[in-house]
Structures are given as C-alpha cells and as structure tokens.
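What follows is one structure encoded as structure tokens, with my remarks underneath.
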Amino acid sequence: MNSKTLIRVILVLVLIAIGFFLIRRKIAPKKMEKEAVFLGVEGYGDLTKGENLDHSLISKFKFNFYIDGEQKTLSINNGKEVKEGVYTFEIQNQLQEGYVYDIVIDNDTVESVKLLDNDSKTMLSGKVNDVEKDKFVQVGEEKIELTKNTGMYKITWKAGNSLVEKVGIDDLKDKTVKVTLDKDGKAKNIYLTFISEKYISPVIPIPGEKTLKNFLTTALQPVGTTLYIYGGSWDWQDEGSSLQATTIGIPQSWIDFYQYQNADYTYREKDGNEETKNPSSSYYPYGEWNQYCYAGADCSGYVGWVIYNTLNKESGKDGYVMGATKMAKTFAENGWGTWTQDVKIPTNRDESDFKVGDIFSMNGHVWISFGTCDDGSIVIAHSTPSDSINGQPGGGIQISAIGPSEDCEAYQLAKMYMEKYYPDWCKRYKVVLKKPEDYIKFKKDSAAGKFSWNLENGILTDPDDYTNKKPAEILKDIFQENK
C-alpha cells in the first residue's frame, strides 16, 4: 500500500469515526429537567428486602412519576455506596408521594430532585376563586395567565402509589390547587390537590435551648397534629433518622398527612384485622423499608425528633432515631444521665421512681414522663397507634396517662389538655389510658429501662426547677396558663 492509499484509508476511517460519534450523540438520551409528580414505588406491596434484610434488593427498585401527562417508570440514583449493596439513598429520602418536583433525568435515571412547594417563584398554592377558559386562573388574590399548553390534573394521595388524572378547567373552581409557573410567570401546570391549613402549635419551644422545660415543651409541639406511621421518621432504608427527624420545627409533611386523613385512617389494616392484610395498599412497611417515613412518626421517631429539636438550632445534622428498646440506655451511654432497670409501679409522687423528663424504654416502645401525680399516676407523651372513634388503629403523638383507672389524676390532666388544646384530634381519638402493669415493664435481659437526665453536669439544665414541680404545674406553665 503506497502512502497516498494509506492517507485515503486513514481519512475514511476518521470520517467513519466522526460519523459514528455524531450518530451516537444524536440518539443517546440527553440529560433532561422535568416537572414531575412523584407517585411511588413500582410494584409496591410485592417488593421487600427479603428475610435477610438485603439492602441490595431495594437498590434495584423502580419508581413511578407523572411527567408531561403520562406515567413514567424510572430508576433513581442510589447515592454513595457505604458498603457492598448498601447506599445512602439521598433522593429516595427526599421524595414524598403526591408532591410536585423538578427532577433531573439522565439515561432514565433520576439524578436529583427539588420540591417545588418550597419555591414561591415556581409555584403558587391556594384556593381557586375565579377561572376563565383559555385566559386565567385566580388563586387567592393572584391572577395567573393560562397558555394553550397549560396542563390540568388532579392528584389523589393513597397508600401504594398516588394517582394523577387529567381534569378540565371547570373542575378547578373553589378547589385547592398548586400552580407551577413558567419563566414568564404563566401557568405551566395546575394540580387540583390537597393543601393543608396553616398550623400553629399551642406551645412555643426554643430550638437548641438545653433545659428540662424546653425538652418537655418541645415534646408537646407536634402533639395532636402528627399521625402514627410504623417506621415514621426513620429513614427510607430503615437504618436511622429521616430528614423529618432532623428538621427544626414540625415537619410540614406531618401536618399535611394528618390534615389529609380522618378517623378512618389506619396505619396497617382496616379494623386492625390481619386477615384483610394487603401490603399493596397499606402504609405499613411490610417490605422492611419505609416508603411513608415522611408522613408521621412512630414512638422512637418521635423521641428522636424531640431530642434533636432540644439539642439543635439547625436542621440536617446527625439524628437520634434508633430502636425504641435501646433508646434510654443509649442516652445514658452518651453521658446525658443515668439508666436503670430498678423501677417499680408508683403508688404516690414522693416515692415514685419516675421523675420529670424521664425517658422509659419498654421492649418495643418508648415514652416521655411529665412526672408522677400525687396518686402515683404518670402523665406521658408518646406516639402510639391508638384506635380512632371509628375503631381504626391510627393514633400518633399525644398526651396520655399511666394509671389504674380514668379517675386517676394523670388521666384527668391528659384529658383536659388534649380536649382544650387539641380539639380536632379529640374528634378522632379518645385520650389513652395505659395500665401500669402494661407500661412499666421490660425484659431484664434486654437494653430496656429508664433514663433520667443529669441536670447538674449533663447536657440539660433545670433553671426553672421543673424537677420539683408536679405534672399539673408543669402543663400549666408550658401552656402559659399562669399569665
């Protein structure tokens, strides 16, 4: 082969390579930014970590989104690999079913998400007061211009995947909507969906103020507005704290979910009947991961949130959610106080083993003590799946009592404060009374037991002398009834 022929061959090969590159570039999927409603996990109810709780199984899940008027099934970037098959799942931990996001997709994999509810420049929410076809929709006092491409949809929240369907403009009047805006401030998409009313807690804690009073005030902040979710405020992969558990203040998703539900809500099966078990339509994490971790709090998720809000001023640091049984002992091992299994059922206040602010870990449950009353009954705060007035196991964060009967002082206090300050909750749930023999017990060969704060040289102090106050005095002070 002479030199001219060789040059021609090289030129042909170069042209072929360039052509191949251009064709490949043209047909290769591009990174796209899309507006999407997160629906849930594809195949929810059938998928599981398996008997060995294998994280590598959940890393292979597919997820459903509603994009451009149709459902799409995509993979999600699992984040950093912590160890073989175990990932950080940052994006999965951010997603909440039925909420609207901007997502970045690369090769059918979601690489990042941004919740639009938090961005007033790209979303407006509220009640539709007026609407005119092809012209505008008025949300509150704001008129938003429609375009020929404005999409209109209805979002329905439900366990096992939320639902999105197309609607017409006549369906919007007097309904609550979320309107996403294009770069010109015109309506990109209109979502007919649930929007919660603003909630203001009757108590006012101070994030990061390390006092016994603030710890108990913080414990009362989400009372009556947070439902029980098994695995609630654990992270998605069921290893530790969720984003909600390390959020300062009541997470908006707790408030939303509570207000969306009613007395028919059940955290597991209807009527608590195991025979009707249907994992594909239950909020219960049968698959050993927490799809609805954002929606509420279980007992340890709640206590972890209380501890975090007492010790921190900013969201997003390391959390304190762990198994309920070992919470009390772990807090003592942190150097915050003492742990003991030497406890007995109290018969009066003076001789009671249960002091103000104690955290008691049972086997499988944990609660916070507001102190012992003169008759030996105890006022507590906890998240528990109590039955609703319709007989459905739902419940959540509430003030309850431990005592022999409804005549005990703790029950009367719990009833008075729940009915006075949380009337909406009391339309759904009765005040809970627990028998001492059921709530002051544990297995001796376990980590369960009672934690008490070291208020002299520990992490909390007691400048308000709460240690020596009775439950009635403490509740009166926290709810500012002394003023």
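Under the UniProt record's numbering, the first residue of the sequence shown is numbered 1, with each subsequent residue one higher.
The beta carbon of each residue, even a glycine, is placed where N, CA and C say it ideally should be.
- Note that the stretch 224-231 does not touch the stretch 452-469; fewer than 3 beta-carbon pairs, one per stretch, sit closer than 8 angstroms.
- The stretch 281-295 and the stretch 378-387 do not touch, with fewer than 3 CB-CB distances between them shorter than 8 angstroms.
- For the 8 angstroms CB-CB criterion, residue 361 and residue 322 do not form a contact.
- Residue 274 counts as exposed, since fewer than 16 other beta carbons sit within 10 angstroms of its beta carbon.
- Between residue 338 and residue 454, the CB-CB gap stays under 8 angstroms.
- 125 is the residue among 125, 105 and 96 whose C-alpha sits nearest the C-alpha of residue 143.
- With respect to residue 392, residue 310 sits apart: the two C-beta atoms are not nearer than 8 angstroms.
- Ranked by Cα distance from residue 431, the first of 269, 439, 476 and 416 is 416.
- Within the model, the alpha-carbon separation for residue 269 versus residue 283 is close to 9 angstroms.
- Rounded to whole angstroms, the gap between the alpha carbons of residue 318 and residue 94 is 16 angstroms.
- Looking at the backbone, the Cα of residue 302 and that of residue 245 are separated by about 8 angstroms.
- It is roughly 8 angstroms from the alpha-carbon of residue 37 to the alpha-carbon of residue 155.
- Using a C-beta cut-off of 8 angstroms, the stretch 159-170 makes contact with the stretch 44-64, since at least three inter-stretch Cβ pairs fall below that distance.
- Residue 263 and residue 176 have their C-alpha atoms spaced approximately 22 angstroms apart.
- Nearest to residue 91 by alpha-carbon distance, out of 81, 110 and 385, is 110.
- Within the DSSP secondary-structure output, residue 382 pairs in a beta bridge with 398.
- Around the beta carbon of residue 300, 16 or more other beta carbons sit within 10 angstroms, so the residue counts as buried.
- The shortest CA-to-CA distance from residue 448 to any of 435, 474 and 329 is the one to 329.
- Taking a C-beta distance under 8 angstroms as the contact criterion, residue 115 and residue 460 do not qualify as a contact pair.
- Taking the Cβ atoms as the reference, residue 104 lies roughly 6 angstroms from residue 31, within the contact range of under 8 angstroms.
- One Cα belongs to residue 97, the other to residue 180, and the distance between them is close to 17 angstroms.
- Inclusion of residue 77 and residue 59 in the CB contact set at 8 angstroms is not warranted, their separation being larger than that value.
- Using a Cβ-Cβ distance cut-off of 8 angstroms, the stretch 386-401 and the stretch 422-440 are in contact, since at least three pairs of beta carbons, one from each stretch, lie closer than that value.
- Straight through space, the alpha carbons of residue 304 and residue 235 are spaced by roughly 12 angstroms.
- Residue range 449-453 is occupied by the beta strand (DSSP E) that includes residue 452.
- Counting only runs of 4 or more residues that sit fully inside the stretch 158-194, no alpha helix (DSSP H) segment turns up.
- Judged by DSSP in its simplified three-state form, residue 257 adopts helix.
- Setting aside the 5 residues that flank it on each side, residue 202 is surrounded in the same chain by 421 and 479, each with a C-beta closer than 7 angstroms to its C-beta; the list follows chain order.
- The three-state reading of DSSP puts residue 51 in coil, since its state is none of H, G, I, E or B.
- Counting along the chain, no alpha helix (DSSP H) covers residue 275, and no H or E run does either.
- The DSSP assignment places complete beta strand (DSSP E) segments of no fewer than 3 residues inside the stretch 100-170 at 100-106, 109-115, 123-132, 136-139, 142-145, 151-156 and 163-166, in order along the chain.
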